[in-house]
Amino acid sequence: MQVCKRCLFDENTPGIKFNSDGECNYCELHDTLEKQYPTSINNLVKLGNKLRTKKKYDCVVGISGGCDSSYMLHLAVNVMKLNPLAVHFDNGFDTKISKDNMEKMCSALGVDLKIRNVDKKEYFDIYHSFFKAGLPDIEACTDIALMASLYEYAYKYDIKTVFVGHSFRTEGISPLGYSYMDSGYVRSVQSIFGARKIKTLPELRFLNFLKYLFAGIKRIRPLYFVDYDKEKVKEFLSTEYGWKWYGGLHKESVITDYVKNYWVWERYGIDKRITELSSLVRTSAMTRSEANSILSEHPTISDYTESETMRLLGFNPNKYIGVKHRTYKEFKNYKTLFKIFKPLFWIFLKFDRIPLSFYTKYCK
Numbered sequence: 179m180q181v182c183k184r185c186l187f188d189e190n191t192p193g194i195k196f197n198s199d200g201e202c203n204y205c206e207l208h209d210t211l212e213k214q215y216p217t218s219i220n221n222l223v224k225l226g227n228k229l230r231t232k233k234k235y236d237c238v239v240g241i242s243g244g245c246d247s248s249y250m251l252h253l254a255v256n257v258m259k260l261n262p263l264a265v266h267f268d269n270g271f272d273t274k275i276s277k278d279n280m281e282k283m284c285s286a287l288g289v290d291l292k293i294r295n296v297d298k299k300e301y302f303d304i305y306h307s308f309f310k311a312g313l314p315d316i317e318a319c320t321d322i323a324l325m326a327s328l329y330e331y332a333y334k335y336d337i338k339t340v341f342v343g344h345s346f347r348t349e350g351i352s353p354l355g356y357s358y359m360d361s362g363y364v365r366s367v368q369s370i371f372g373a374r375k376i377k378t379l380p381e382l383r384f385l386n387f388l389k390y391l392f393a394g395i396k397r398i399r400p401l402y403f404v405d406y407d408k409e410k411v412k413e414f415l416s417t418e419y420g421w422k423w424y425g426g427l428h429k430e431s432v433i434t435d436y437v438k439n440y441w442v443w444e445r446y447g448i449d450k451r452i453t454e455l456s457s458l459v460r461t462s463a464m465t466r467s468e469a470n471s472i473l474s475e476h477p478t479i480s481d482y483t484e485s486e487t488m489r490l491l492g493f494n495p496n497k498y499i500g501v502k503h504r505t506y507k508e509f510k511n512y513k514t515l516f517k518i519f520k521p522l523f524w525i526f527l528k529f530d531r532i533p534l535s536f537y538t539k540y541c542k
């Protein structure tokens, strides 16, 4: 089996291609992003100078109480000197630690917080639909709802910048076959397997997405500009703000913990840790041997995560472990539209309206 010379992805990784040097296309995309976003606090300060306005809010910052979004909020206020509006999508799965972290960060930084809610019965029924359909993209509805919420508030308050907490250097770039998301896809799955209609879920329908992009709303990832050492950042947030660590990657949400550390592993053999670990090997933050040692141990969840997930959902998703394996390609989605409008999205890319990772995965 061919394995990339620079990271942990192998020939079974969805969408992978190898160049003549034995390096994969995900490493090549990483190198492109490295050139585009050199780490420099000065560059982040300059970006803040460009984005600063005379309005009440300079940007919308999506927060979850996790390490990445909390640090991003700190950077927006104390480094970039911006007045952000913090936005959180409440899907009902937040842990108490994550809620406390959000309150501590916003209170200490003097930032207004807007929480977007959804009818929980409707929302959990959408999750039920994805489990019944045998899909790996269980959290597509949450990812879309969060992004839709950010755009909604930006559009409502005439804010031209949305901040998203992601670092390709530490989290990597997830292959499209590991997860897919768009509102057309969510609606298609729900129409076939759901018991309720979508009424309150924040959606990013194709025409609305274009409306936000034509309105000039940019999607920026500030962590791209910093040398991001997560262990040091956790220590800093704890000392400076009383922020608390929640025990592991994505464990600030019980459903995310369940899906990424149990469902996709048991159901599809997908180990989501490989994306993050590949990025760390790629940047020499971890050796290949160390990463493989971690992967040799199966991902695990606590009894609390499993029981709390079932309690909140109102059903046991484990009973769907053996259902037919399906992919997003078997349902209506926007992928064809993204490809048809590729030239338009290329222009949006050049004007920082969409990230390169979106263009590469969805438009090509």
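Adding 178 to a residue's 1-based position in the sequence shown gives its number in our numbering.
Yeah, the Cβ is synthetic: ideal placement off N, Cα and C, and Gly gets one too.
Cβ pair residue i, residue j closer than 8 Å
i, j, result
"A264", "V239", "yes"
"M283", "Y419", "yes"
"G343", "S276", "no"
"V364", "I304", "yes"
"D321", "Y512", "no"
"K510", "S366", "yes"
"K310", "Y540", "no"
"P262", "A323", "no"
"A332", "L382", "no"
"E454", "T348", "yes"
"S456", "F187", "yes"
"L534", "L225", "no"
"R294", "V340", "no"
"Y249", "V411", "yes"
"I300", "K377", "The amino acid at residue 300 is misidentified as Ile; the sequence shows Glu. Yes, these two residues count as a Cβ contact at 8 Å."
"G394", "K338", "yes"
"W441", "P495", "yes"
Collapsed DSSP secondary structure at residue i in the structure displayed
i, result
"T434", "helix"
"I398", "strand"
"K292", "strand"
"F267", "strand"
"G362", "helix"
"D272", "strand"
"G420", "coil"
"K205", "It is worth fixing the name first, because residue 205 is Cys in this sequence and not Lys. C205 falls in the helix class under three-state DSSP."
"D303", "helix"
"P262", "strand"
"N494", "coil"
"T378", "coil"
"L385", "helix"
"V501", "coil"
"S357", "coil"
"F308", "helix"
"R451", "helix"
"T210", "helix"
"K233", "coil"
"D297", "coil"
"F516", "helix"
First and last residue of the uninterrupted alpha helix (DSSP H) at residue i
i, result
"R466", "466-473"
"R445", "442-446"
"V159", "What is shown of the chain runs 179 to 542, which leaves residue 159 out entirely."
"M250", "245-252"
"E508", "Note, E508: premise wrong, no alpha helix (DSSP H); not H, not E."
"A393", "From DSSP, A393 is part of no alpha helix (DSSP H); its letter is neither H nor E."
"A373", "Note, A373: premise wrong, no alpha helix (DSSP H); not H, not E."
"I525", "520-528"
"Y406", "Y406 -> no alpha helix (DSSP H), and no H or E assigned at all."
"D321", "318-334"
"F536", "534-540"
Opening and closing residue of the beta strand (DSSP E) in which residue i lies
i, result
"T461", "Looking at the DSSP string, T461 is not in any beta strand (DSSP E), and its letter there is neither H nor E."
"T339", "339-341"
"C182", "Premise fails: C182 is in no beta strand (DSSP E) and is neither H nor E."
"C237", "237-240"
Inter-residue CB distance, residue i and residue j (contact presumed, cutoff 8 Å)
i, j, result
"I433", "T487", "6 Å"
"I532", "F526", "5 Å"
"C245", "K408", "6 Å"
"L491", "F302", "5 Å"
"Y436", "E484", "7 Å"
"K422", "D272", "So it is not a contact: roughly 13 Å between Cβ atoms."
"Y402", "Y329", "Not confirmed; about 20 Å, so no contact."
"F384", "G362", "7 Å"
"I351", "Y204", "5 Å"
"S285", "P314", "S285 to P314, Cβ: 37 Å. No contact."
"C237", "L260", "6 Å"
"K213", "D199", "Not quite, the Cβ-Cβ distance comes to about 17 Å (not below 8 Å), so this is no contact."
"G312", "H503", "5 Å"
"N550", "T465", "No information on residue 550 is available, as it lies outside the stretch 179 to 542 that the chain covers here."
Distance cut-off 7 Å: residue i Cβ against heavy atoms of the ligand MN
i, result
"A332", "The ligand MN is not among the ligands present in this structure, which contains no ligands whatsoever."
Beta bridge counterpart(s) of residue i as assigned by DSSP
i, result
"F196", "C202"
"D188", "V181"
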